[in-house]
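J.: Could you have a look at this structure, given as structure tokens, before my questions?
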Amino acid sequence: MKIEAGLVDRKRQGNCQLPKEMSRSSKKNRRGQKKSMTVVQKLFETCKDVFSTSGAGIVPSPGDVERIRLVLDSLKPIHVGLRQEMPYFRTEESDKAPPVTYMHLYECDKFSIGIFCLPPSAVIPLHNHPGMTVFSKLLFGSMHIKSYDWADIPCSSDKTHNPSHCTFENFEVQVAGMRLAKVKTDAVFTAPCNTSILYPAEGGNMHRFTAKTSCAVLDVLGPPYSDPEGRHCTYYRDFPYASFSVDKELGYEGEGFAWLEEKEKLEDLSVLGAPYMGPKIVEN
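Sequential numbering of the sequence shown, starting at 6, is according to the working numbering.
Have a look at this one:
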């Protein structure tokens with residue numbers, strides 16, 4: 006999910022190179038720092054190493070993916086200064102959808118780290134992650150996750166494979182602009198649980214988060230969204246496969262599939278920025 010510029014203080018800094026020569030005392034101090042390294046700092050150092058040679062559409066090796074996952078699996082709310090009694094996790098009486106709070110930890114052109122805080126019933130709408138490998142760690146609470154990957158449809162000008170119209174709730178809608186997707190995940194997750202990982206073309210690249218209780222999720226995106234580089238955040242609405250009358254020769258069974266349509270506006274999403282109060286990330 007993309008956070009608009011200006012919402013939080015986003016300091017885009019490149020990777021810092023250590024000097025080639027270091028005195029014995031500085032090496033000794035560095036060894037001492039490693040012994041007391043926070044989990045957040047370890048996550049930063051691991052991401053910095055793993056994503057140093059990656060880019061859009063480039064998936065880290067299985068070993069590197071496992072390195073990040075292991076750090077995230079060990080991460081607890083206390084490691085990032087979160088408590089469930091914080092105001093970000095309370096639901097105020099209102100006709101509007103509860104706001105989501107975002108805490109920015111770090112971002113450069115290779116990866117980003119941030120935390121989304123959701124009160125009960127808050128929703129992060131269905132959205133994509135173009136060319137990205139994404140790690141999502143549920144820190145506490147229960148969250149429903151529904152995710153999709155695009156389904157492959159044979160290219161054809163024949164109406165069987167590319168119908169011009171479909172019937173949906175007794176009115177005609179254009180299929181152009183809609184695309185068939187396959188459900189990857191549709192379940193409730195409760196912390197502690199394993200880190201969720203998605204990839205550019207699989208693993209549930211498009212997902213929606215719905216808070217069943219107050220909850221927090223830490224996201225690592227590699228690389229982050231970038232409009233200038235063509236990595237836009239696109240939001241979707243999903244329709245059950247059976248909602249449309251299409252020729253069965255499409256080759257898909259209805260269960261496990263849905264039609265996705267891009268959403269131009271998001272009147273139902275409010276994201277507020279909040280300062281990150283946990284251990285600071287030190288670039289070295």
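Where a beta carbon is used, it is the ideal one built from N, C-alpha and C, also for glycine. Remember, predicted model here, so these are calculated numbers, not experimental data.
1. Are the Cβ atoms of Ile202 and Phe140 separated by less than 8 angstroms?
2. Taking the Cβ atom as the reference point for each residue, do Pro228 and Thr43 lie within a distance shorter than 8 angstroms?
3. Under DSSP, the alpha helix (DSSP H) around Arg70 begins and ends at which residues?
4. Given this structure, state the Cα-to-Cα distance separating Leu12 from Leu77, to the nearest angstrom.
5. Leaving out five residues on either side along the sequence, give the residues of the same chain with a beta carbon under 6 angstroms from the beta carbon of Ser57.
6. So what's Pro130 in DSSP terms, helix, strand or just coil?
7. Determine the burial state of Cys198: buried for a count of at least 16 other Cβ atoms within 10 Å of its Cβ, exposed for fewer.
8. Using 8 angstroms as the Cβ pair cut-off and three pairs as the minimum, do the region 202-222 and the region 129-148 touch?
9. Could you check what DSSP says for Thr215 in three-state terms: helix, strand or coil?
10. At the level of alpha carbons, what is the spacing between His237 and Glu269?
11. Tell me the rounded alpha-carbon separation between Asp243 and Val64.
T.: On the basis of the data shown:
1. One-based indexing of the sequence shown puts residue 202 at position 197. One-based indexing of the sequence shown puts residue 140 at position 135. Taking C-beta atoms as the reference points, Ile202 and Phe140 count as a pair closer than 8 angstroms.
2. As a position in the sequence shown, residue 228 is number 223, starting the count at 1. As a position in the sequence shown, residue 43 is number 38, starting the count at 1. Between Pro228 and Thr43, the C-beta gap is not smaller than 8 angstroms, which leaves the two residues out of contact.
3. Along the sequence shown, read from residue 1 onward, the residue named residue 70 stands at position 65. Note on identity: in this sequence residue 70 is Val, with Arg being the wrong assignment. DSSP places Val70 in the uninterrupted alpha helix (DSSP H) bounded by Pro67 to Asp78.
4. The residue labelled residue 12 in the question sits at position 7 within the sequence shown. The residue labelled residue 77 in the question sits at position 72 within the sequence shown. Legend: pLDDT at Leu12 = 48, less than 50; position of this residue unreliable, value from coordinates given subsequently. The straight-line gap separating the alpha-carbon atoms of Leu12 and Leu77 is approximately 26 angstroms.
5. Translated into the one-based positions of the sequence shown, residue 57 becomes position 52. The beta carbon of Ser57 is closer than 6 angstroms to none in its chain, skipping five residues each way along the sequence.
6. Locating residue 130 in the sequence shown gives position 125, where the first residue counts as 1. In this structure, Pro130 counts as strand in the three-state DSSP scheme.
7. Position 193 of the sequence shown, counting from 1, holds the residue named residue 198. A residue is called buried once 16 or more other Cβ atoms fall within 10 Å of its Cβ, and Cys198, having fewer, is exposed.
8. Contact holds: three or more Cβ-Cβ distances are below 8 angstroms.
9. Start at 1 with the first residue of the sequence shown, and residue 215 comes out as number 210. Thr215 falls in the strand class under three-state DSSP.
10. As a working note, residue 237 is residue 232 in the sequence shown. As a working note, residue 269 is residue 264 in the sequence shown. Taking C-alpha positions only, His237 is separated from Glu269 by approximately 13 angstroms.
11. As a position in the sequence shown, residue 243 is number 238, starting the count at 1. As a position in the sequence shown, residue 64 is number 59, starting the count at 1. Distance between the alpha carbons of Asp243 and Val64 is about 27 angstroms.
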